[in-house]
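Below is one structure, written out as structure tokens; comments come after it.
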Amino acid sequence: MSKQIKVALIGNPNTGKTSVFNQLTGLKQKVGNYPGITVEKKEGVCKLPRGVKAHILDLPGTYSLNTTSLDESVVVELLLNKNDKDFPDVAVVISDVENLKRNLLLFTQIKDLKIPVILVINMADRMSRTGISLDIELLEEKLDTKIALVSTRKGTGIDRIKELIADYKNLSIAPNVDTTVIAPEYFEKLKATFPKEDLYKLWLVITQDVNFMPIEKNPINITASFATKSKSELKRLQQKETILRYQFINGILKQAYKVDINAAKGLRATLDKVLTHKIFGYLIFFVILLTIFQAIYDWSSYPMDFIDESFASASEWVKDTLPPGVFTNLIAEGILAGIGGIVIFIPQIAFLFLFIALLEESGYMSRVVFLMDKLMRPFGLSGKSVVPLISGTACAIPAIMATRTIENWKERLITILVTPFTTCSARLPVYLIIIALVIPEGRFLGLSYQALTLMLLYLMGFGAAILSAMILNKIMKIKSKTFFVMEMPNYKLPLVKNVVYTVWEKTKSFVLGAGKIILAISIILWFLGSNGFSDDFENAEAIVTENIKNEGFSDFNKSNIQSTMASYKLALQDSLNSEVYALDQAAINDSLRIKEMALNEKAINQEIASYKLENSYMGYMGKAIEPVVRPLGYDWKIGIAVLTSFAAREVFVGTLATIYSVGSDEEDTIKNRMAAEMDPKTKKPLFNLASGISLLLFYAFAMQCMSTLAIVKRETNTWKWPTAQLVFMSLFAYIVALIAYQILK
Amino acid sequence: MITTVAHLRRGQKGIIKEFADGILPIKLLELGCLPGNEIELVQVAPLKDPIYINVNGTHIAIRRSMAALIELEIIEDSPL
């Protein structure tokens with residue numbers, strides 16, 4: 014049997030739908046987008062009893078089939094469109110035992126579509142603690158369905174779901190509720206006009222855009238113009254339908270569902286009292302944020318150092334092992350440097366998503382929204398904007414996608430526009446390396462200056478976001494009705510499996526998505542840096558050798574050689590007195606001569622390399638933009654790195670690594686190489702406090718991410734907003750960096 | 002004087018009265034804000050808004066402005 018049973022998972026948010034999906038499919042899942050819109054589409058395959066397989070589609074969470082958001086309309090459009098390739102053979106409605114009544118509203122609606130439907134009652138492990146008892150048989154009879162009582166936490170009941178799916182042909186497709194009683198005359202007329210159509214489906218089609226107008230046009234080709242009633246009348250009928258369904262559900266649950274009130278409450282109330290407290294609430298939130306920053310900064314530095322060193326030695330190994338030539342250089346300096354530049358982010362991204370997943374899974378994120386809503390409103394944002402803004406600390410792309418939960422279009426648009434100001438993980442490597450170079454070590458109240466600087470940069474990102482939100486709120490004339498209804502889910506211990514999947518999924522999408530761009534740019538940069546068109550480039554060696562013969566080494570190399578020789582001499586003098594390695598004066602002189610020759614040769618090679626780079630394609634490009642970046646304190650090499658960062662910010666470090674290591678034998682880590690870079694005019698380190706701060710500020714504010722611009726275009730359906738973002742943010746960044754450098758230098 | 006959800010004190014409960022059709026978003030009804038159901042004010046955000054209610058076993062946060070649209074009859078004064 015090659016045909017797979019098509020299954021759609023449907024359910025309210027916070028019912029553990031994703032956990033059920035993870036348990037059914039394991040790692041055999043695929044995450045993508047619905048065509049044209051950014052609603053996440055999760056699919057997977059599940060093995061059923063008797064060798065049958067099922068294709069599982071995890072639909073976005075929804076409270077009902079009355080659409081009020083893009084997510085919800087995806088569900089409705091699929092369920093109404095029999096010709097959709099994903100139209101389910103069987104629907105599995107996931108409910109949560111504590112909120113069964115509300116969850117059943119959606120169940121009855123789906124049942125009435127005459128699709129075979131299985132009811133999963135999840136979180137069965139909480140029943141005893143919350144004092145709930147259920148009569149499953151009675152429920153099955155009254156709801157005319159099959160029920161699986163499941164605990165995804167304990168992993169029980171999953172086999173029952175699989176069995177029920179395999180047996181889906183035996184499910185009843187009779188409707189639960191007769192909707193036509195809410196307006197008999199209206200439905201009579203409908204029936205007369207469309208005798209072949211199912212009345213409930215027609216009703217859903219007609220009412221679909223009452224509350225929400227999807228960006229995509231409705232693919233269902235039944236004339237929706239049969240809205241003989243006004244919108245407000247239709248809304249009233251929707252309310253009647255809701256009440257009717259609740260009457261039906263209440264009647265059943267009265268017999269089949271018992272709660273012992275005394276067993277309930279407890280932990281939830283206590284936690285709520287503390288976590289949403291007017292002082293402790295904010296304090297706890299602040300401490301959590303601080304922990305996240307320290308984790309990204311401190312804990313992730315160990316795996317990152319390891320990755321850094323591994324790639325440096327791998328690159329060296331390639332150069333030593335393979336025969337010298339263009340191909341070896343491509344691998345060592347283009348490809349390996351590029352891959353290293355991607356892999357090095359993994360610890361930080363993983364840490365950040367670990368925290369975000371924990372906050373979301375535990376139910377804490379909703380409390381943050383609750384705490385922040387009033388604070389955000391004066392800026393034209395909603396409490397729901399907090400989640401995108403915080404997710405923006407990982408990456409603006411998922412964050413902008415997360416704005417879908419904001420119903421109000423104006424609040425949503427403002428959130429989309431200002432989110433790229435928040436410090437995303439791609440800025441982090443730039444920040445980390447610059448901070449390490451220019452901010453002194455030392456501690457203040459136990460926190461390092463460097464960590465404090467990082468924290469300040471994050472706060473500045475948020476500040477810029479909030480401030481521009483306020484301005485946008487003032488100047489944008491969009492009328493949009495505000496309504497804010499948010500479920501406060503019960504606290505849960507996060508499921509390890511779910512957290513791991515989230516971290517895995519996000520890291521994977523970063524490596525495969527952004528990674529490709531980074532690698533490609535690394536290789537292009539390597540090519541541009543190691544090829545040139547002028548005679549100067551071709552004859553670099555001769556020219557440099559000639560120059561050194563006439564004028565000697567550059568000052569940096571001269572002093573470098575002198576100091577190295579001095580310390581080497583001292584070390585040798587010591588061994589003169591040592592008894593183990595007693596050397597005579599002649600041997601020492603020999604050794605000194607050899608050392609000096611080696612140093613000279615190294616210096617020559619370095620000067621040739623830098624001369625070549627200066628005359629390569631890249632050198633010309635960099636010099637062309639130098640007048641623009643000079644006032645910010647950058648030389649042409651940093652200029653190139655800033656330019657390439659417009660593809661993706663994290664390229665900055667990789668670019669500098671490539672620029673500095675091209676043609677050079679040295680395998681110093683990138684940081685040491687940057688620290689050694691001198692300004693040819695002032696003879697001081699190029700990365701000093703003034704230029705460092707200027708760079709930090711530029712990266713804090715500039716819109717340097719093509720992928721973000723693309724996602725903004727997709728979410729707003731116009732190039733207008735991404736263009737505005739690019740121009741405004743980059744100009745702002747330039748001005749701020751300019752002012753900072755001119756003051757500090 | 003009309004009492005609404007916005008008038009509740011923390012821990013106080015009320016029964017939702019009939020309300021004019023169409024004034025509340027459908028989503029609120031779906032979450033259980035229906036006439037005859039019990040509402041408890043669980044928590045008020047630090048800046049007095051939004052408020053956090055328990056209606057019919059569902060915990061939701063709504064803004065004060067919307068809460069003022071839900072009329073109710075107060076049933077008891079909680080000891081808190």
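Sequence lines, in order, name chains A and S. So for the first sequence, my numbering puts the first residue at 14; every next one is plus one. So for the second sequence, my numbering puts the first residue at 2; every next one is plus one. For glycine and all other residues, C-beta sits at the position ideal for the given N, C-alpha and C.
| Query | Result |
| --- | --- |
| Let's see if you can read the secondary structure: which residues bound the beta strand (DSSP E) around T192 of chain A? | T192 of chain A -> no beta strand (DSSP E), and no H or E assigned at all. |
| Check whether the Cβ atoms of I61 of chain S and E500 of chain A lie closer than 7 angstroms to each other. | yes |
| Alpha carbon to alpha carbon, how far is I601 of chain A from F358 of chain A? | 46 angstroms |
| In whole angstroms, give me the CA-to-CA distance for R142 of chain A and E111 of chain A. | 11 angstroms |
| Closer than 7 angstroms, CB to CB, is E72 of chain S near chain A or not? | no |
| Rounding to the nearest angstrom, what Cα-Cα distance links L257 of chain A and D148 of chain A in this structure? | 23 angstroms |
| Would you mind reading off the limits of the alpha helix (DSSP H) that contains K14 of chain S? | Looking at the DSSP string, K14 of chain S is not in any alpha helix (DSSP H); the run it does join, the beta strand (DSSP E), is K14 to I17. |
| Hey, W649 of chain A and G347 of chain A: beta-carbon distance below 7 angstroms or not? | no |
| What is the DSSP secondary structure of S629 of chain A, counted as helix, strand or coil? | coil |
| I'd like to know whether the C-beta of Y471 of chain A is nearer than 7 angstroms to at least one C-beta of chain S. | no |
| I need the straight-line Cα distance from T406 of chain A to V443 of chain A, nearest angstrom please. | 14 angstroms |
| Listed in chain order, which residues of the stretch 248-277 of chain A have Cβ atoms closer than 7 angstroms to some Cβ of chain S? | K248, R249, Q251, Q252, T255, I256 and Y259 |
| Relative to the C-alpha of L302 of chain A, which candidate in A:F368, A:I756 and A:E728 has its C-alpha closest? | A:F368 |
| Would S77 of chain A pass as a contact of L118 of chain A if the rule is Cβ separation under 7 angstroms? | yes |
| Rounded to a whole number of angstroms, what is the C-alpha to C-alpha distance between F563 of chain A and L626 of chain A? | Reading off the sequence shown, one finds Asn at residue 563 of chain A, where the question assumed Phe. Approximately 22 angstroms, taken between the alpha carbons. |
| Does the stretch 698-717 of chain A come close enough to the stretch 430-440 of chain A to have 3 or more Cβ pairs within less than 8 angstroms? | yes |
| Please go through the same chain and pick out, in chain order, the residues whose beta-carbon is closer than 8 angstroms to the beta-carbon of P507 of chain A, but skip the five residues on each side of it. | A370, L371, E374 and S375 |
| Under 8 angstroms, with one C-beta from each stretch per pair, do the stretch 15-25 of chain A and the stretch 99-106 of chain A reach the 3-pair mark? | yes |
| Please state the DSSP three-state secondary structure of S547 of chain A. | coil |
| Would you call the stretch 394-401 of chain A and the stretch 511-524 of chain A in contact, with 3 or more CB pairs under 8 angstroms? | no |
| Output the distance between the C-alpha atoms of Y53 of chain S and Y181 of chain A, rounded to the nearest integer angstrom. | 41 angstroms |
| If we define contact as Cβ-Cβ less than 7 angstroms, is G33 of chain S a contact residue for chain A? | yes |
| Say whether the stretch 379-386 of chain A touches the stretch 287-303 of chain A, bearing in mind that this needs 3 or more beta-carbon pairs closer than 8 angstroms, one atom from each stretch. | yes |
| Could you tell me whether the stretch 55-62 of chain A touches the stretch 172-189 of chain A, where touching means 3 or more Cβ pairs closer than 8 angstroms? | yes |
| Are the C-beta of F383 of chain A and some C-beta of chain S separated by less than 7 angstroms? | yes |
| Distance check for V641 of chain A and V655 of chain A, CA to CA, integer angstroms please. | 11 angstroms |
| Mapping DSSP to helix, strand and coil, what is P507 of chain A? | coil |
| In whole angstroms, what is the alpha-carbon distance linking F34 of chain A and L92 of chain A? | 19 angstroms |
| Which same chain residues end up closer than 7 angstroms to I452 of chain A when comparing Cβ atoms and leaving out the 5 residues on each side of it in sequence? | Y462, Q463 and T466 |
| Could you check whether the Cβ of A68 of chain S sits closer than 7 angstroms to any Cβ belonging to chain A? | no |
| Against chain A, does A7 of chain S count as a neighbour if the rule is that its beta carbon must be under 7 angstroms from one of theirs? | no |
| 7 angstroms is my cut-off, CB to CB: does L30 of chain S come that close to chain A? | yes |
| Looking at C-beta atoms only, is the number of pairs between the stretch 471-488 of chain A and the stretch 308-322 of chain A that lie closer than 8 angstroms three or more? | no |
| Indicate whether at least one CB of chain C lies closer than 7 angstroms to the CB of T4 of chain S. | The chain labelled as chain C is not found among the protein chains of the depicted structure, namely A and S. |
| With a threshold of 16 other CB atoms inside 10 Å of the CB of Q44 of chain S, please say whether the residue is buried or exposed. | buried |
| In terms of DSSP beta bridges, what is Y270 of chain A paired with? | A:L147 |
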